[in-house]
Amino acid sequence: MDIWLLIKAFILGLVEGLTEFLPVSSTGHLIVVGDLIGFHNDGRVFEIAIQLGAILAVVFEYRQRFTSVLTGLTHDRKSQNFVLNLFVAFLPAAIIGLLFISKIKEYLFNPITVATMLVLGGLVILYAERRQHQVRIHDVDDISWKDALKVGCAQVISMIPGTSRSGATIIGGLFFGFDRKVAAEFSFFLAVPTMFAATFYDIFKHRDLLSVADLPMFAVGFVTAFLAALVAVRTFVRFVSNHSYEVFAWYRIAFGGVILATWYFGWVSW
355 MDIWLLIKAF ILGLVEGLTE FLPVSSTGHL IVVGDLIGFH NDGRVFEIAI QLGAILAVVF
415 EYRQRFTSVL TGLTHDRKSQ NFVLNLFVAF LPAAIIGLLF ISKIKEYLFN PITVATMLVL
475 GGLVILYAER RQHQVRIHDV DDISWKDALK VGCAQVISMI PGTSRSGATI IGGLFFGFDR
535 KVAAEFSFFL AVPTMFAATF YDIFKHRDLL SVADLPMFAV GFVTAFLAAL VAVRTFVRFV
595 SNHSYEVFAW YRIAFGGVIL ATWYFGWVSW
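In our numbering, the protein residues as written are 355 to 624.
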């Protein structure tokens, strides 16, 4: 196995883990970084696979909550409502994804689209933070199925690379009356069925591209994404409990602006 290929896998695993659950677009970062380090060809399959490492970090971090839900599913109303809300929020992206994801990947998976959506998303976050908040939901268990459906519809927008799945669901949650911590945690929980479904669907669809020779590369990316996501999730929840999301908005605008500037002036051939 090429050592440089393993280094690339480590870099992309780190990028995936650190950005998957932040409102900055992990897919956008993977497209840009992958383009810069020359990680192409079967890269999409690899990127899809390492998402599983990031998902499992959330499952591990909230293992007590998931265990409690599974054990109480037959008799506990809160557990039943929790699963119902995740299912309702998952449906819009699942339906739209099955219908249009191939076209989205064909036409929108490029650095310029990513940069544009990074900037636009940053402006939306700034607006969301500076508007007057009317918080009515202070706990994940207080979310109704209607609230969950609204967040699920917001998640659909994240199929455009550069938007950010977590950004769309978190900021959507803020618009719909969630407090910061609840918006972040529901986004994490919703990521589990959404990303599990997307990951296994894409791996099955592109199974002919998988090779035993690629296992070391996948393993490095997977483990790196898991560990980086674990750190990111723990740090992010603590941060948003006491701070606004504006820092992520300015990061998005700056990052997207740099990409657009390098493209406009011809410094980088994206």
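Every residue gets a Cβ at the ideal spot worked out from N, C-alpha and C, and that includes glycine.
Source: prediction; values computed, not measured.
Listed as beta-bridge partners of ILE409 by DSSP are no residues whatsoever. Bridge partners of ILE491 according to DSSP: PHE532. Taken through DSSP and simplified to helix, strand or coil, ASN464 comes out as coil. Annotation for PRO570: the continuous alpha helix (DSSP H) segment containing it runs 569-594. Only residues of its own chain outside the window of five on either side were considered, and among them ALA508, GLN509, ILE511 and SER512 have a CB closer than 7 Å to the CB of ALA522, listed in chain order.
The beta carbon of LEU359 sits closer than 8 Å to those of MET571, all from its chain and outside the five residues before and after it, given in chain order.
With a cutoff of 7 Å on beta-carbon distance, PHE444 and THR548 are scored as near each other. The C-beta distance from GLY610 to GLY476 rounds to 7 Å, short enough to fall under 8 Å. Judged by DSSP secondary structure, TYR605 falls within the alpha helix (DSSP H) whose first and last residues are 600-618. About 6 Å separates the Cβ atoms of LEU376 and SER520, confirming a contact at the 8 Å cut-off. For LEU564, there is no enclosing alpha helix (DSSP H), as DSSP marks it with neither H nor E. DSSP, read as helix, strand or coil, puts MET513 in coil. Judged by DSSP in its simplified three-state form, TRP499 adopts helix.
In the three-state scheme derived from DSSP, where H, G and I count as helix and E and B as strand, TYR416 is classed as coil. Under the three-pair Cβ rule at 8 Å, the region 361-375 does not count as touching the region 526-537.
Take the alpha-carbon of TYR481 and the one of ALA448: they are about 28 Å apart. The Cβ atoms of VAL369 and VAL387 sit closer than 7 Å to each other. Residue state for GLN434 is assigned as helix, using DSSP reduced to three classes.
Here ASP356 carries a coil assignment [DSSP, helix/strand/coil]. Cβ-Cβ distances below 7 Å link ASP493 to VAL536 in the same chain, with the five nearest sequence neighbours on each side left out; the list follows chain order. Less than 7 Å divides the Cβ of ILE613 from the Cβ of PRO465. For VAL591 against ALA538, the beta-carbon gap comes to about 6 Å, under 8 Å, which counts as contact. By the neighbour-count criterion, in which a residue is buried when 16 or more other Cβ atoms sit within 10 angstroms of its Cβ, TYR618 is exposed.
Look at PHE558 here: in three-state DSSP terms it is helix. In summary, GLY407 is buried, with 16 or more beta-carbon neighbours lying within 10 Å of its beta-carbon over all protein chains present. Going by DSSP, HIS383 is part of the alpha helix (DSSP H) stretching over 380-391.
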